[in-house]
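Structure record follows, encoded as structure tokens.
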Ligand SMILES: [Zn+2]
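Residue numbers (the working numbering): 2 to 127.
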């Protein structure tokens, strides 16, 4: 599928913003994570398949969740300013998620990492 802007996607598939589920204007990371991991998964606003991504749209009807499947999510994916672009940033995000998961599930998680700089590293969380 060709890349297109979010507006183009919404127009092309005639997504009715007023039918999207109401969302908090500034959802916390954990709210977003909960929404994309809780089963049954939310249906993609475009095709109805299980969603894999979610974002909040500020519409005339207020903030709304826009759930998208992988295909439709990638179609409109753009590098976000908050997205970590350095290896350190990505690893920091990964560690945060793993620590949170380990705490939530009461399990121990270990992470095996290899980087050009540091080689193999074993990390244990929880
Ligand atoms: Zn879809």
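A virtual CB, placed ideally from N, CA and C, is assigned to each residue, including glycine. Model, not experiment: these values are computed from the prediction.
Taking 8 Å as the cut-off, the Cβ atoms of residue 36 and residue 16 do not count as close. In this structure, residue 47 has its CB closer than 7 Å to one or more heavy atoms of ligand 1. When C-alpha distances from residue 27 are compared across 78, 66, 77 and 72, the shortest belongs to 66. In the three-state DSSP reduction, residue 110 falls in the strand class (E or B). By the criterion of a C-beta distance shorter than 7 Å, residue 103 is surrounded in its chain by 109, 110, 126 and 127, once the five residues flanking it on both sides are discounted.
In the structure shown, residue 49 falls within a coil segment according to DSSP collapsed to helix, strand and coil. Here residue 21 carries a coil assignment [DSSP, helix/strand/coil]. Annotation for residue 15 indicates a beta carbon at 7 Å or more from all heavy atoms of ligand 1. Burial state of residue 70 is buried, judged by a 10 Å Cβ sphere holding 16 or more other Cβ atoms.
In the DSSP assignment, residue 79 falls outside any beta strand (DSSP E), carrying neither H nor E. When distances are taken from the beta-carbon of residue 42 to the heavy atoms of ligand 1, even the shortest one reaches 7 Å or more. Note that the C-beta distance between residue 41 and residue 68 is not below 8 Å.
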